[in-house]
Structure formats: structure tokens, C-alpha cells
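Participant: Following this message is one structure expressed as C-alpha cells.
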Amino acid sequence: VRGAVAALGGRLDVLFSNGGWTRIRNLQDLDENVDEEDWDRCFNMNVKSHLFLMHAARPHLDEAEGAFITTASLAGVKVSGSSMAYAVTKAAQIHLVKALAMAAGPRIRVNSVSPGLLLTDWGLQFSEEQREAMREKTRLKRLPTVDDVADQVLCFAKSRSVTGANVVIDGGLSL
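With the working numbering applied, the sequence shown covers 1 to 175.
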């Protein structure tokens, strides 16, 4: 964080914490989802990394009255996604954002975005049939894009009155 602040001229207004990890497992198979290494890695990446990054950035964000924004997931709102460990730790991340908002205010805003399936390199691992089935389940008949997520991150960065919020960006899939 110190290096980034120095590179940015000594000021940090917005920090977008976009880290996470998962391994694809059958979400409905308990035996397949009982892997301690997966759980530890998911918790470390999907929860603890955001906590420790916020802690390190807090003095800089406080000085700038800045914003800390994380990428959670639709899987943290509606049990879905690539694995049980992923869904549970993304739910924990959303709750962490609320706790951080309580602890970091009044000078720092803390929020998260929760996209559904994005057609990034990771999302393109799913077959065309799977992607089309997901698209058809959305109310808007479209999958969210990286630009959709970036627009919401920018909105959180600009808004001076929103903290502790999680916005689902899923084309209406979770309705």
C-alpha cells in the first residue's frame, strides 16, 4: 500500500480490492466440497485479504475521505457458483464489508459489488450451452459485463453517502 500511495503522489482516494479464489466443484455434492485446502484458500483470498488490505490502507483512505470497494459475488447472496467454499466465503466477504463500514466511518466508505457470471477468461471456462442457459435465466436476457461492474465501482467511488452496501449485478438472475 505504501508503494502504491507513493507512486500516486502521496494520496489514495479509492482502493478497489478485486481479489478472490475458487476451485470448481459440484456445489450439490457434500463429499466433493469437504476439502480443507479449498476452504482455507477461499477464506484467505475471499475474506482475509480484503480485511488486511483495508487495514493497511485505512490511514491513507481516512486522510482522503476515500472509498474501499471489493468484488464479492452473486454466489455470496444466493447459494450458487463454483463451490460451497466459494459461496460461503463470498457471503462472509459481504458481511465483512458491512463490518468494515461500521469500523471505518465516518471518513471512509466501504462497499462491494456482486456480479453474476462474467465472460472473463474464468467465465469462458463454462461451455456455450452453460453460458446460454445462464443468460436465458436472467430477467434482462443478458449476462453482466466487466463494464457493468466498472460502472458500479465508479458510482461507489463517487457517492459520498453510500457505505455498507452490496450491489448485485446479474441481469436480474437473482430475482
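From the three backbone atoms N, C-alpha and C, an ideal C-beta is built for every residue, glycine too.
1. Which word fits Arg160, buried or exposed, when buried means at least 16 other C-beta atoms lie within 10 angstroms of its C-beta?
2. Here's a check: name, in chain order, each residue in its chain whose Cβ is nearer than 8 Å to the Cβ of Ser80, leaving out the five neighbours to either side.
3. Rounded C-beta distance between Ala85 and Ser114? I'm assuming under 8 Å.
4. By a C-beta neighbour count over all protein chains shown, 10 Å radius and 16 as the cutoff for buried, is Ala91 buried or exposed?
5. Please tell me whether Ile94 and Ser17 are closer than 8 Å, where the distance is taken between their beta carbons.
6. State the DSSP-derived secondary structure class of Arg33, mapped to helix, strand or coil.
7. Nearest to Ala56 by alpha carbon, out of Glu128, Asp151, Arg2?
8. Touch check for the region 50-66 and the region 126-144: three-plus C-beta pairs under 8 Å?
9. Applying the 10 Å Cβ sphere with the 16-neighbour rule, what's the burial state of Gly9?
10. Are the CB atoms of His50 and Leu12 within a distance shorter than 8 Å?
11. Per DSSP, Arg131 forms a beta bridge with which residues?
12. So Gly76 and Val110 are supposed to be a Cβ contact under 8 Å. How far apart are they, rounded?
Facilitator: Taking the geometry as given:
1. Residue environment analysis places Arg160 among the exposed positions, since fewer than 16 neighbouring C-beta atoms fall within 10 angstroms of its C-beta.
2. Around Ser80: Leu27, Leu74, Ala87.
3. Not really, about 17 Å apart at Cβ, beyond 8 Å.
4. Per the 10 Å Cβ criterion, buried.
5. Taking C-beta atoms as the reference points, Ile94 and Ser17 fail to come closer than 8 Å.
6. Note that residue 33 is Asn in the sequence shown here, rather than Arg. Secondary structure of Asn33 (DSSP, three-state): helix.
7. It is Arg2.
8. Put simply, the region 50-66 does not touch the region 126-144. Fewer than three CB pairs are less than 8 Å apart.
9. Burial call: exposed.
10. In this structure, His50 does not lie closer than 8 Å to Leu12 by Cβ.
11. Beta-bridge partners assigned by DSSP to Arg131: none are found.
12. Beta-carbon to beta-carbon, Gly76 and Val110 are separated by about 15 Å, too far to satisfy the 8 Å threshold.
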